[in-house]
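Here the protein sequences come in this chain order: R and G. All residue numbers for the first sequence refer to my numbering, where the first residue is 1 and numbers rise by one. All residue numbers for the second sequence refer to my numbering, where the first residue is 1001 and numbers rise by one. As structure tokens, the structure follows; a few thoughts come after it.
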Amino acid sequence: MHQIAAADERVLLWISGLVGKFAPLDYIMRLAVNDYFIPVSISLILLGLWFWGKKMDERESYQRAVLIAAASLGISDGMVKICNLFYDRPRPFMSMPELLPTVEKIFYPPHDPSFPSNAAAIVFAVAAAIWFYRHKIGAFLCFLALLMSFARVYAAVHYPLDIIGGAAIGILTSLFCMKILFPFVEPLPTLILKLARKFCLA
Amino acid sequence: MEGLFVEYFLLVFIASSGVLQLAAAHSQLKGLLFFKRITLTYAFATLTIGSAFGWFFGWDNRLQEKIMRTGLEGAEQFYYFLLAAFTTLVFTIIISSIVNRQPLIKAEPKGQGLDILKEGNYFQALRYSFKKGTKKQQKCTK
């Protein structure tokens, strides 16, 4: 366990050690790490996907993916909050105050528990849900999720294990929604789509 | 915080109007388009999405200062996003219905839901969708 924690810390220090070395990389990471750029981009992609597709079958598969993504997002957020009740891992800059200037160059220092990463859980939940239905757009969303996750370690606000934990929660949640929850509540998603179709919104 | 809310709302409102136009153009939903020419629609979409992001992240040293220090909570962001996206949808429906006010539906349109928007504006489609439902019900009772 100690070895894993030490390796986690070593990887964090190596990645966050890059801060301030390449100005363009700092700029890209500042863009990727903040609370708006990637979350808004992903949400806009979901909005576009709802209306995407020349045929109704194609559109319906996107719409089901969007519904699963939305449900996974909410559930994974709840799962992270439950994890936080039982395990409060301090942020890297709290255990290593010398990292605080690094954080402040890229992001602001958040004070909620570090493990698991809420941001990673949410973006991976959405990316996985879309990937199960449409690999190409899902792969692009996974790239955005990886970029945001890397930026969180780069900015020293998360350990790599926090990201892995968050991503695992997100992916497993979307898998749960697709394989268990949605088939279980099946008339409901179809009814939602039918209602939206009646109002010419699906 | 209030200023940030307004700016966030504008970002989502402007960018999502571009996204909706892009999706409508790709899906051939003519009844949702602001322009008759498809190239103009793609240009509008690129311009709105690009300018919204460029303004929000590039203007006023925001990336270095404002959004690094203050922020909307995750749940707040979600609600504001929904509010802005819904406003955009209403805005798109109204503008596109004015632009496409001539009756596009000549015969009975094929398909249902969004597919009707390939042949008419939103309000024509809505009217047709409910008329079709009533006809079906009447047939069933007969």
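Built from N, CA and C at the ideal position, the CB exists for glycine as well. Just so it is clear, the structure is predicted and the values come from calculations on it, not from any experiment.
Rounded C-alpha distance that separates residue i from residue j
i, j, result
"ALA1015 of chain G", "ALA1084 of chain G", "10 Å"
"PRO109 of chain R", "PHE51 of chain R", "38 Å"
"PRO218 of chain R", "ILE28 of chain R", "Nothing about residue 218 of chain R can be read from this structure; chain R reaches only from 1 to 202."
"LEU1029 of chain G", "ARG59 of chain R", "12 Å"
"GLU98 of chain R", "TYR159 of chain R", "15 Å"
"ALA145 of chain R", "CYS83 of chain R", "21 Å"
"PRO37 of chain R", "LEU12 of chain R", "As written in the sequence, residue 37 of chain R is Phe, which differs from the Pro given in the question. Taking the straight line from one Cα to the other gives about 23 Å."
"HIS1026 of chain G", "GLY53 of chain R", "7 Å"
"ALA16 of chain R", "VAL103 of chain R", "At residue 16 of chain R the sequence reads Ser, which differs from the Ala that was named. About 9 Å."
"ALA1075 of chain G", "LYS1036 of chain G", "38 Å"
"CYS202 of chain R", "LEU1010 of chain G", "It should be pointed out that residue 202 of chain R corresponds to Ala in this sequence rather than to Cys. Straight-line Cα distance between these residues: approximately 25 Å."
"SER1017 of chain G", "ARG197 of chain R", "21 Å"
"PHE1057 of chain G", "MET1 of chain R", "41 Å"
"THR1048 of chain G", "PHE22 of chain R", "31 Å"
"PHE184 of chain R", "PRO101 of chain R", "49 Å"
Min CB distance residue i to chain R below 9 Å
i, result
"LEU1089 of chain G", "yes"
"LEU1012 of chain G", "In the sequence as presented, Leu is not what sits at residue 1012 of chain G; that position holds Val. With 9 Å as the cut-off, VAL1012 of chain G counts as an interface residue toward chain R."
"TYR1079 of chain G", "no"
"PHE1130 of chain G", "yes"
"SER1027 of chain G", "yes"
"SER1016 of chain G", "yes"
"ASP1115 of chain G", "yes"
"ALA1024 of chain G", "yes"
Residue-level contact to chain G via CB, residue i, 9 Å cutoff
i, result
"GLY138 of chain R", "no"
"TRP52 of chain R", "yes"
"ALA129 of chain R", "no"
"CYS83 of chain R", "no"
"LEU147 of chain R", "no"
"MET79 of chain R", "no"
Beta carbon of residue i nearer than 9 Å to that of residue j
i, j, result
"LEU1020 of chain G", "THR1087 of chain G", "no"
"ILE169 of chain R", "SER76 of chain R", "yes"
"ALA69 of chain R", "SER174 of chain R", "yes"
"LYS1118 of chain G", "GLY1031 of chain G", "yes"
"SER1097 of chain G", "TYR1122 of chain G", "yes"
"GLY48 of chain R", "LEU1022 of chain G", "yes"
Closest by C-alpha distance to residue i, when choosing among the options
i, options, result
"ARG61 of chain R", "R:LEU195, R:ASP162, R:THR190, R:PHE184", "The residue you asked about is not Arg; residue 61 of chain R is Ser in the sequence shown. The option with the nearest alpha carbon to SER61 of chain R is R:THR190."
"LYS179 of chain R", "R:ALA121, R:VAL157, R:LEU195, R:ALA129", "R:ALA129"
"ARG1062 of chain G", "R:ALA71, R:PHE107, R:ASN118, R:ALA6", "R:PHE107"
"PHE176 of chain R", "R:TYR154, R:PHE86, R:ILE192, R:MET79", "R:MET79"
"ALA120 of chain R", "R:ARG152, R:ASP112, R:PRO92", "R:ARG152"
"LYS55 of chain R", "G:ASN1121, G:GLY1074, G:GLY1003, G:GLN1112", "G:GLN1112"
"ALA125 of chain R", "R:ASP35, R:ALA32, R:PHE22, R:ALA65", "R:ALA65"
"THR1092 of chain G", "G:PHE1034, G:PHE1005, G:ALA1052, G:TYR1042", "G:PHE1034"
"ILE164 of chain R", "R:PHE184, R:LYS198, R:SER114", "R:SER114"
"TRP131 of chain R", "R:ILE42, R:MET94, R:SER117", "R:ILE42"
"GLY20 of chain R", "R:HIS111, R:ILE192, R:ALA156, R:ALA202", "R:ALA156"
"TYR1008 of chain G", "G:ALA1052, G:ALA1043, G:LYS1132, G:GLY1120", "G:ALA1052"
"GLY1054 of chain G", "R:LEU31, R:LEU46, R:ASP57", "R:LEU31"
"ASP112 of chain R", "R:GLU9, R:PRO90, R:PRO101", "R:PRO90"
Residue i Cβ short of 8 Å to the ligand ATP heavy atom set
i, result
"ALA127 of chain R", "Although the ligand ATP was asked about, the structure shown includes no ligands whatsoever."
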